[in-house]
Amino acid sequence: MKTIRTSKASGGLRRDSGQVTIFVVLALGIFLLGAMGFAVDMANLWFHRQSAQTAADAACTAGAMDLLVDATNAKTTQGGFTAGTDFDCSGATGVAPCQYAALNGYNASLAKNSSASSLGNEVYATFPASVSGVSAGAVPPATLAPTPYIRIDVVDHVQVFLSAMLSGSRSQPVHASAVCGLVLASAPTPLLILRPTDPNTLQITGSGGVTIVGGPSRSIQVNSGNSSAAFITANVDLCKGGPLFTGSDLGTFGGPSVPTVLGACPAGTGFRTGPTGRWAYPTSPIADPYAKVVPPTQPAAAPAPTAVAGPTATTPGVDGCPDRSGSNTNQLPDNLVNASGNLVTATPGCVEYHPGFYNRPIVVKQYTAIFEPGLYYMKIPNTAPNIFDNENCGTPGGGIVPPTGQCHYSLAVDTQG
């Protein structure tokens with residue numbers, strides 16, 4: 000009798016059953032490990048992309064601020080670079096955009112266009128001639144801003160791990176860029192002093208003063224880059240300036256860093272402002288809001304000024320004249336005569352000026368003047384008989400000259416008699 004053994008396992012299964020399942024599990028495990036590795040690499044690249052973009056934005060903003068100063072204050076290398084000349088931040092640590100990139104973690108350890116396998120980062124700047132999406136009306140003219148745009152590129156060579164086995168490179172370049180520039184915009188600042196380099200471009204002394212109520216948060220801006228751009232010893236009252244009537248700013252680009260005389264609200268002398276205002280230094284200059292406005296043509300000669308009655312107990316003043324006391328003849332300037340050649344007076348009342356061409360300055364001395372709305376075209380020669388009080392107010396090309404006596408401009412409001 001023979002005993003026959005078979006290799007068939009109980010239940011009808013072969014001995015090698017289950018090996019395919021093990022291979023499938025191993026394959027899935029390797030795939031999942033690879034996917035996790037790629038996920039780590041891609042997440043790392045994404046975070047580096049965000050950091051690089053932040054650095055590019057900061058550096059670009061810094062460069063654009065310097066372009067603004069170059070355009071408005073006749074500077075050429077305000078931020079350590081020459082506008083219009085491309086530069087690489089590698090080895091140029093003193094340049095403002097490069098410094099801001101370094102503060103955000105990108106120190107330009109690699110030169111521009113370095114090998115993709117290198118570890119480190121690139122930071123460089125270019126100056127495009129135009130930028131898509133900017134309307135033609137917002138582009139400043141070349142005479143005002145010959146180089147209006149700057150572009151900052153940041154390339155971060157990020158080390159990768161699992162993906163390096165497929166690409167053959169241990170680093171992956173991550174690129175970010177930002178474009179910034181200058182556009183024309185309306186300046187809401189009520190008093191904007193444009194002269195870019197001179198000292199004392201805002202000079203308020205003696206018994207004169209400036210009071211601004213309401214308006215934007217900055218009431219006065221002085222663009223001059225001179226350290227003595229503003230000199231104020233008289234009354235500059237911004238106590239009720241700003242949108243909340245609680246104080247507004249005086250901004251100066253060049254200085255001084257503190258007011259010449261600091262007063263306190265509500266009374267006093269010197270610079271005064273409320274709790275929401277301040278003496279702001281340094282502040283970026285504001286471009287000329289009329290830079291692209293076509294100059295008007297010279298109109299016909301302005302009509303002679305006229306006397307208008309002030310308010311009474313029952314009637315308002317003519318054309319809004321608020322003066323109940325009026326003016327007296329011995330305080331009116333010699334050029335204030337009507338069409339008949341007689342001295343204009345208004346007791347009580349105001350002296351009303353009319354639009355048109357003026358070849359003599361308008362000087363308000365101890366009387367109330369009102370102005371009919373319209374264009375006042377001032378072109379005052381510096382020769383007799385068009386000099387008021389022999390104070391040399393005018394120049395052949397316009398009205399503003401260095402201070403000489405009490406009359407400095409084409410329109411002077413003088414409270415000193």
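For the sequence shown, counting from 1, position 386 maps to 385 in numbering that gives the first Met the number 0; every step adds exactly one. Each residue gets a CB set at the ideal place from its N, CA and C atoms; glycine is no exception. All of these numbers come straight from a predicted model, not from anything done at the bench.
Compute the beta-carbon to beta-carbon distance between residue i and residue j, rounded to the nearest angstrom, for a pair I have assumed lies under 8 Å.
{"i": "L118", "j": "Q171", "result": "L118 to Q171, Cβ: 11 Å. No contact."}
{"i": "L102", "j": "S89", "result": "Wrong, their Cβ atoms sit about 16 Å apart, outside the cutoff."}
{"i": "D155", "j": "V173", "result": "5 Å"}
{"i": "G78", "j": "A61", "result": "7 Å"}
{"i": "A107", "j": "A100", "result": "7 Å"}
{"i": "G208", "j": "V182", "result": "With 8 Å as the limit, G208 and V182 do not qualify as a contact, their Cβ atoms being about 35 Å apart."}
{"i": "G355", "j": "V307", "result": "No, G355 and V307 are not in contact; Cβ-Cβ is about 17 Å, not under 8 Å."}
{"i": "S218", "j": "I192", "result": "Contact flag wrong, Cβ pair sits at about 12 Å."}
{"i": "T275", "j": "G241", "result": "6 Å"}
Report the option in the options whose CA atom is closest to the CA atom of residue i.
{"i": "A440", "options": "I211, G273, Q220", "result": "Residue 440 is absent from the structure shown; the chain starts at 0 and stops at 416."}
{"i": "Q52", "options": "P347, V343, G104, D322", "result": "G104"}
{"i": "G205", "options": "G254, G269, G276, A135", "result": "G269"}
{"i": "V94", "options": "S114, L66, S116", "result": "L66"}
{"i": "D85", "options": "K111, Q98, A100", "result": "K111"}
{"i": "R48", "options": "A175, P360, S223, T142", "result": "A175"}
{"i": "P258", "options": "T245, T232, G241, A266", "result": "T232"}
{"i": "G273", "options": "M64, K239, A301, P315", "result": "K239"}
{"i": "S216", "options": "Y280, L249, P302", "result": "L249"}
{"i": "H353", "options": "T275, V212, P302, A57", "result": "P302"}
{"i": "P195", "options": "G214, S227, V39", "result": "S227"}
{"i": "A82", "options": "P298, P147, F370, V209", "result": "P147"}
{"i": "N225", "options": "L27, N72, A57, Y123", "result": "N72"}
{"i": "P310", "options": "R150, S324, P298, P304", "result": "S324"}
{"i": "L161", "options": "A38, K364, V343, A290", "result": "A38"}
{"i": "T142", "options": "T245, K291, Y123, P298", "result": "K291"}
{"i": "R150", "options": "G348, P96, G267", "result": "P96"}
{"i": "K378", "options": "S50, N222, V363, N358", "result": "N358"}
{"i": "T210", "options": "A55, E121, P265, A58", "result": "P265"}
{"i": "V153", "options": "S223, V122, A299, A368", "result": "V122"}
{"i": "T245", "options": "G213, G262, A229, F230", "result": "G213"}
{"i": "C59", "options": "A144, T75, Q98", "result": "Q98"}
{"i": "D318", "options": "P298, N341, T367, P288", "result": "T367"}
{"i": "T296", "options": "N222, P189, Y375", "result": "Y375"}
{"i": "V321", "options": "A345, N341, P298", "result": "In the sequence on display, residue 321 carries Pro and not Val. Among A345, N341, P298, the Cα nearest to that of P321 belongs to A345."}
{"i": "S431", "options": "T75, N120, S113", "result": "Past the boundaries of the shown model lies residue 431; the chain is included only from 0 to 416, so the question cannot be answered."}
How is residue i classed by DSSP in three states: helix, strand or coil?
{"i": "F46", "result": "helix"}
{"i": "N72", "result": "helix"}
{"i": "N391", "result": "Below a pLDDT of 50, predicted positions are generally treated as unreliable, and N391, at 45, falls in that range; no measurement from the model is reported."}
{"i": "L429", "result": "Missing from the structure shown is residue 429; the chain here goes from 0 to 416 and no further."}
{"i": "D333", "result": "Per-residue confidence for D333 stands at a pLDDT of 48, beneath the threshold of 50, marking its modelled position as unreliable; the derived number appears in the next sentence. Reduced to three states, the DSSP call for D333 is coil."}
{"i": "D322", "result": "coil"}
{"i": "Y352", "result": "strand"}
{"i": "Q98", "result": "helix"}
{"i": "D56", "result": "helix"}
{"i": "D87", "result": "strand"}
{"i": "A308", "result": "strand"}
{"i": "V122", "result": "strand"}
{"i": "V422", "result": "Past the edges of the chain, shown from 0 to 416, lies residue 422, and the structure says nothing about it."}
{"i": "T210", "result": "strand"}
{"i": "V317", "result": "helix"}
{"i": "A368", "result": "strand"}
{"i": "A110", "result": "coil"}
{"i": "A61", "result": "helix"}
{"i": "A51", "result": "helix"}
Kindly indicate if chain D contains any beta-carbon less than 8 Å away from that of residue i.
{"i": "A107", "result": "Checking the listed chains, one finds no chain D in this structure; it contains a single protein chain."}
- [ ] Note down, one range per segment and in chain order, each beta strand (DSSP E) of at least 3 residues found wholly within the segment 225–271.
- [x] 229–231, 234–237, 248–251
Open item on the list: Could you check whether the segment 38–49 touches the segment 187–204, counting it as contact only if at least three pairs of C-beta atoms, one from each stretch, sit closer than 8 Å?
Closed with: no
Open item on the list: My parser needs the beta strand (DSSP E) runs of 3 or more residues fully inside the segment 132–200; what are they?
Closed with: 148–158, 170–180, 190–192
Open item on the list: Three Cβ pairs or more, each shorter than 8 Å: is that satisfied between the segment 54–74 and the segment 131–138?
Closed with: no
Open item on the list: Measuring CB atoms only, is the segment 280–300 touching the segment 125–132, in the sense that at least three cross pairs come out at less than 8 Å?
Closed with: Contact check between the segment 280–300 and the segment 125–132: fewer than three CB pairs, one atom from each, fall below 8 Å, which does not count as touching.
Task: Three CB pairs or more closer than 8 Å across the segment 310–323 and the segment 253–267 - done: no
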